[in-house]
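In what follows, a structure is listed as structure tokens, so that the remarks can point back to it.
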Amino acid sequence: MTSDYDVVIVGAGPVGLLLSCELRLAGLIVLLLERRTDSEGLAETRAFVMHARSLEIFAAGGILEHVFGPETDANYVLLVPQYRTEEIFRHCAEELGAVIVEGVKVQSINPTDHNITVTGVYNTTKKNGQTFTVTGRYLVGADSVRSTVRELAQIDFVGNPPINTVMSGEAMLGVPMPNPYIVRNKNGLVIAADMKVPSGRTRLNVFVSSQATIPEPVPVTLEELNEGLRMITGVDYKLSNPCMLKRFSNEQRLASRYQSGRVFIVGDACHNLPAGGQGLNMGFQEALNLGWKLGAVIRDSAPSSLLHTYEDERLPAARAVVQNTTSQSLLFFASTSPEWAVRNSMEGLLRVPEASRDLALEISGFAVSYPKPLDMLRPDGWQTLPKNMQGVRALDVKIRTPDGVVTKLSEHMRDGRWIQLMLPGTSRCSQSIPAFGDWTVVVEVSDMPDREERAGLYTGDFSEIPVRPDGYLAFERMV
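Everything in the sequence shown is counted per the working numbering, starting at 72 for the first residue and increasing by one.
Structure, rendered in structure tokens:
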């Protein structure tokens, strides 16, 4: 394994796999290195919360209905076992031509002005201990909270130590349980869900108030999990056949940088955010943000300065989520009278529609915008958008083209290219010139048969708007 690649990705979890798909759509040669082997691909839930922005991302990629089915039409948060997400993303990555090598452990990196060399060892039965060397133009670490790539790139991972811990795991139930199941009282909190994994196990998170400070490394036993569940619910669920028994904490950490020369990090390698499933969904957005930028630079369609905007755009978004999840965790672990008082006050505030909407936008990822224009990409004749539109999420509106066909914006984004919208009222006397050459899909819009509050985003004194490959508005051309 000594071939040269455009991008080497370490970590074939959901974020690394999604990034590989984006890079292949951009025409790059991609290698994924994964420590696990196929035999370790357990049917486990792990990261399973899919927020609304992630569902939009999957719709734009054309894989939403294949991964999650028709239920997505009416839901804005879905619970999907991680093994299932990985199965689908892996299939997409392999179909697109990404190379995936399992059972390898990265040990060192050697960057130069032109590329970066990665060395390590195999940990498979046939090749155990054998060394490997690969070279890529760039390296991306998508290798979890304990990222080897982040450590080798000497990127600090700073934050606060944990205050509380929760027992987590999967187990078979001996007594039927409602699904989903949430119980909160003075003894603690239970959040459980039957994720329909092949093993038949139920995912369980159990916070026992009297055991809130047990250190995270202390092992969890089946008996301890069952007793905690009984203390809070009053029912002995007779748990058996467990897996993934562990503790997780409200420790919050964030990488000080997202780039170090030719090395980038994405997903949990950037942040430790267990609350509300926001870490996984942040990782998806990071993969899309970085993917199209690496593609543009490696194809020589953009200057290398574009890559610096990955950190400029995503690190502030991560800081905001760290603050949000820190607040969530303090309310999640409420066990004293003062903490309950704060939680009850927050519940009262969230009955105010405006407050509830703002929080929902933040947690879902819809509130993210990139207000700083990408001036290094702005073509001649195009202007920066007004402040209220610059870098905001492109709403997935219905579009009617001149031939009368109605589609959604996301249906035009399946190839990872720029979308150039020729808006209603644009003169059709001359053919629009694609702003980004072969990497632009020009869509002529007759009208937008959608709700006014959605279609209204695209009205103004401009004739055309290009949408970035990751789904955000970029520039404008005036009428």
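Even for Gly, the Cβ is constructed at its ideal location relative to N, Cα and C.
Tell me where the beta strand (DSSP E) around residue i begins and ends.
i: residue 314; result: 311 to 320
i: residue 547; result: 546 to 549
i: residue 182; result: 175 to 182
i: residue 492; result: 489 to 493
i: residue 370; result: Here residue 370 belongs to no beta strand (DSSP E), and DSSP marks it neither H nor E.
i: residue 154; result: Not the beta strand (DSSP E): residue 154 falls in the alpha helix (DSSP H), residues 153 to 167.
i: residue 191; result: 187 to 193
i: residue 80; result: 75 to 81
i: residue 102; result: 101 to 105
i: residue 334; result: 334 to 336
Taking the straight line between their C-alpha atoms, what separation do you get for residue i and residue j?
i: residue 253; j: residue 338; result: 28 angstroms
i: residue 223; j: residue 178; result: 8 angstroms
i: residue 325; j: residue 391; result: 11 angstroms
i: residue 210; j: residue 193; result: 19 angstroms
i: residue 102; j: residue 172; result: 8 angstroms
i: residue 535; j: residue 378; result: 26 angstroms
i: residue 549; j: residue 515; result: 16 angstroms
i: residue 537; j: residue 490; result: 5 angstroms
i: residue 539; j: residue 322; result: 34 angstroms
i: residue 284; j: residue 233; result: 9 angstroms
i: residue 356; j: residue 389; result: 11 angstroms
i: residue 506; j: residue 450; result: 6 angstroms
i: residue 104; j: residue 204; result: 11 angstroms
i: residue 186; j: residue 260; result: 50 angstroms
i: residue 169; j: residue 408; result: 54 angstroms
i: residue 386; j: residue 266; result: 32 angstroms
i: residue 486; j: residue 476; result: 20 angstroms
i: residue 56; j: residue 237; result: Here the chain has residues from 72 to 550 only, and residue 56 is not among them.
i: residue 189; j: residue 95; result: 20 angstroms
i: residue 366; j: residue 444; result: 19 angstroms
i: residue 282; j: residue 201; result: 45 angstroms
i: residue 402; j: residue 295; result: 24 angstroms
i: residue 167; j: residue 92; result: 7 angstroms
i: residue 161; j: residue 423; result: 42 angstroms
i: residue 307; j: residue 248; result: 11 angstroms
i: residue 99; j: residue 77; result: 6 angstroms
Between which residues of its own chain and residue i is the CB-CB distance below 6 angstroms, once the five residues before and five after are set aside?
i: residue 358; result: 86, 89, 90 and 337
i: residue 262; result: 253 and 276
i: residue 466; result: 525 and 528
i: residue 478; result: 470
i: residue 332; result: 182
i: residue 523; result: none
Is it buried or exposed, residue i, if we count other Cβ atoms within 10 angstroms and call 16 or more buried?
i: residue 483; result: buried
i: residue 405; result: buried
i: residue 217; result: exposed
i: residue 141; result: Residue confidence is low: residue 141 scores 44 on pLDDT, short of 50, so the model does not pin down where it sits. Its coordinate-derived value is still stated next. The residue is exposed, with fewer than 16 neighbouring Cβ atoms inside 10 Å.
i: residue 229; result: exposed
i: residue 418; result: exposed
i: residue 560; result: One cannot answer for residue 560 here, as it falls past the ends of the chain, which runs 72 to 550.
i: residue 156; result: buried
i: residue 206; result: buried
i: residue 400; result: buried
i: residue 530; result: exposed
i: residue 349; result: buried
i: residue 289; result: exposed
Which residue marks the beginning of the alpha helix (DSSP H) containing residue i, and which one marks its end?
i: residue 380; result: 379 to 403
i: residue 417; result: 408 to 420
i: residue 326; result: Unbroken run through residue 326 is the beta strand (DSSP E), 323 to 326; no alpha helix (DSSP H).
i: residue 88; result: 85 to 96
With a CB to CB cut of under 8 angstroms and the five nearest residues on each side skipped, what residues in its chain are close to residue i?
i: residue 440; result: 461, 462, 463, 464 and 543
i: residue 340; result: 82, 212, 213, 214, 215, 216, 218, 220, 221 and 326
i: residue 309; result: 244, 245, 246 and 297
Excluding the 5 residues flanking residue i on each side, which residues of the same chain have their C-beta closer than 7 angstroms to its C-beta?
i: residue 557; result: Because the chain is modelled from 72 through 550, residue 557 falls outside the range shown and cannot be assessed.
i: residue 375; result: 368
i: residue 381; result: 329, 330, 335, 360, 361 and 364
i: residue 176; result: 106, 191, 192 and 194
i: residue 557; result: Residue 557 lies beyond the stretch modelled for the chain, which goes from 72 to 550, so this question has no answer here.
i: residue 541; result: 359, 360 and 363
i: residue 513; result: 491, 493, 503 and 505
i: residue 456; result: 544, 546 and 547
i: residue 397; result: 323
i: residue 420; result: 426
i: residue 304; result: 254 and 261
i: residue 250; result: 264 and 265
Give a single yes or no on whether residue i has its beta carbon closer than 7 angstroms to a heavy atom of the ligand SAH.
i: residue 85; result: Among the ligands in the structure shown, none appear at all, so the ligand SAH cannot be discussed.
Notebook entry, point to check: Considering only residues of the stretch 200 to 251, which uninterrupted alpha helix (DSSP H) runs meet the minimum length of 4 residues and lie entirely inside it, listed in chain order?
Noted result: The stretch 200 to 251 contains these whole alpha helix (DSSP H) runs: 219 to 223.
Check: Counting only runs that start and end within the stretch 505 to 537, where is the beta strand (DSSP E) found for 3 or more residues in a row?
Finding: 511 to 515
Notebook entry, point to check: Which whole runs of the beta strand (DSSP E) in the stretch 247 to 301 are 3 residues long or more, in chain order?
Noted result: Inside the stretch 247 to 301, DSSP marks whole beta strand (DSSP E) runs of 3 or more residues at positions 252 to 256, 259 to 264 and 273 to 279, from first to last along the chain.
Margin query: List, from N- to C-terminal side, the alpha helix (DSSP H) runs of 4 residues or more that fit wholly inside the stretch 417 to 496.
Written below: Counting only runs of 4 or more, we get 424 to 435.
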